[in-house]
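**Student:** Its first residue numbered 108, the sequence shown is counted upward by one per residue in our numbering.
For every residue, glycine included, the Cβ atom is placed at its ideal position computed from N, Cα and C.
I'd like to ask you about the structure that follows.
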Amino acid sequence: MEFERFSGFYHERLAKGWERWVTVAIVALLLAPIPFVRFETWPSGNLLRQHPLTPWSRFRICYLSFPDHSLVDDPHGFHWNGLGLQPEPIFDRPLALSAAGEILFKWRDQPELPLTELDARGDLLLVRTGWQPLLLWPLRMLKEAWRQDLGIPTGKRTR
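Here it is in structure tokens:
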């Protein structure tokens, strides 16, 4: 018994057990559902952005309002469970933005992105939250990018 402790066989058994536990933990993490937010155009259903949610996740929509050209800075945040910080209409129905110019979208502290698809076609912005396994996130993003590159419509109806 004492000889077995100092031999390589004992350490190999410990390493194999540790590898199994680490593999199970990684698979459980990748398959565990976490909240995501999707920003889509409505009614066409094109995906603009998709991000995993954390309690400190937030986004801003900035634009110049149409009639009076005043600056509108519309901040939104989330709880840990994917719901908005306060009951807001942006999460209930598509958001119609009457902008005089470019509509800018800012996720957390990243640079602002212009939402040109909303301007060009007159679509509305739809914000959806939901839960999905972390493993599906890159696969869905690849699928959406492939569909947009080939010009394939999403074929899904949104509200």
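1. Report all residues from its chain with a CB closer than 6 Å to the CB of G184; omit the five preceding and five following residues, and keep chain order.
2. Only counting the same chain, and skipping five residues up and downstream in sequence, which positions put a Cβ closer than 7 Å to that of L137?
3. If contact is defined by three or more beta carbon pairs under 8 Å, each pair taking one atom from either stretch, is the region 206–218 in contact with the region 159–176?
4. What residue from L249, L160, K213 and A122 has the CA that sits closest to L190's CA?
5. Tell me which residues share the same chain as A252 and place their Cβ nearer than 8 Å to its Cβ, disregarding the 5 neighbours each side in the sequence.
6. Rounding to the nearest angstrom, what Cα-Cα distance links D216 and W163 in this structure?
7. Does the distance from the C-beta atom of L232 to that of L225 stay below 8 Å?
8. To the nearest angstrom, report how far apart R167 and P221 are at their CA atoms.
9. Rounded to a whole number of angstroms, what is the C-alpha to C-alpha distance between W125 and A132?
10. By a C-beta neighbour count over all protein chains shown, 10 Å radius and 16 as the cutoff for buried, is F223 buried or exposed?
11. Take W238 and list the residues in its own chain whose beta-carbon comes closer than 8 Å to its own, dropping the five residues that flank it on each side.
12. Which residues share a DSSP beta bridge with K123?
13. Starting from the Cα of R247, find the closest Cα among H186, L155, F212 and F116 and give me that residue.
14. Note down the Cα distance separating G258 from D181, rounded to an integer number of angstroms.
15. In terms of alpha-carbon separation, which member of C169, S151 and E147 lies closest to L211?
**Tutor:** Answer, in terms of the structure:
1. Taking the first residue of the sequence shown as position 1, residue 184 is located at position 77. Contacts found: R165 and L192.
2. Against the sequence shown, residue 137 aligns to sequence position 30. So the qualifying residues of the chain are P240, L241 and L242.
3. The answer is yes - the region 206–218 touches the region 159–176, with three or more Cβ pairs under 8 Å.
4. Here residue 190 corresponds to residue number 83 of the sequence shown, with the count starting at 1. When only C-alpha atoms are compared, the closest one is L160.
5. Walking along the sequence shown from the start, residue 252 turns up at place 145. By the criterion of a C-beta distance shorter than 8 Å, A252 is surrounded by no residue of its chain, once the five residues flanking it on both sides are discounted.
6. Here residue 216 refers to the residue found at position 109 when the sequence shown is read from its first residue. Here residue 163 refers to the residue found at position 56 when the sequence shown is read from its first residue. Inter-residue distance for D216 and W163 is about 11 Å (C-alpha atoms, whole angstroms).
7. Residue 232 sits at position 125 when you count from the first residue of the sequence shown. Residue 225 sits at position 118 when you count from the first residue of the sequence shown. In this structure, L225 lies closer than 8 Å to L232 by Cβ.
8. On the sequence shown, residue 167 is found 60 positions in, with the first residue counted as 1. On the sequence shown, residue 221 is found 114 positions in, with the first residue counted as 1. Rounded to whole angstroms, the gap between the alpha carbons of R167 and P221 is 12 Å.
9. Within the sequence shown, the letter at position 18 stands for residue 125. Within the sequence shown, the letter at position 25 stands for residue 132. So the two alpha carbons sit approximately 11 Å from each other.
10. One-based indexing of the sequence shown puts residue 223 at position 116. For the record, residue 223 in the displayed sequence is Thr; it is not Phe. Using a 10 angstroms sphere on the CB of T223, the tally of other CB atoms stays under 16, which defines it as exposed.
11. In the sequence shown, counting from the first residue as 1, residue 238 sits at position 131. Non-local beta-carbon contacts of W238 in its own chain, meaning distances under 8 Å to residues more than five positions away in sequence, involve P140, I141, P142, F143 and G189 in chain order.
12. Taking the sequence shown and counting its residues from 1, the one referred to as residue 123 is at position 16. Bridge partners of K123: none, in fact.
13. The residue given as residue 247 occupies position 140 in the sequence shown. It is L155 whose Cα lies nearest to the Cα of R247.
14. The residue you call residue 258 lines up with position 151 of the sequence shown. The residue you call residue 181 lines up with position 74 of the sequence shown. Whole-angstrom Cα-Cα distance: 31 Å.
15. Residue numbering aside, residue 211 sits at position 104 when the sequence shown is read from its first letter. That would be C169, whose Cα lies nearest to the Cα of L211.
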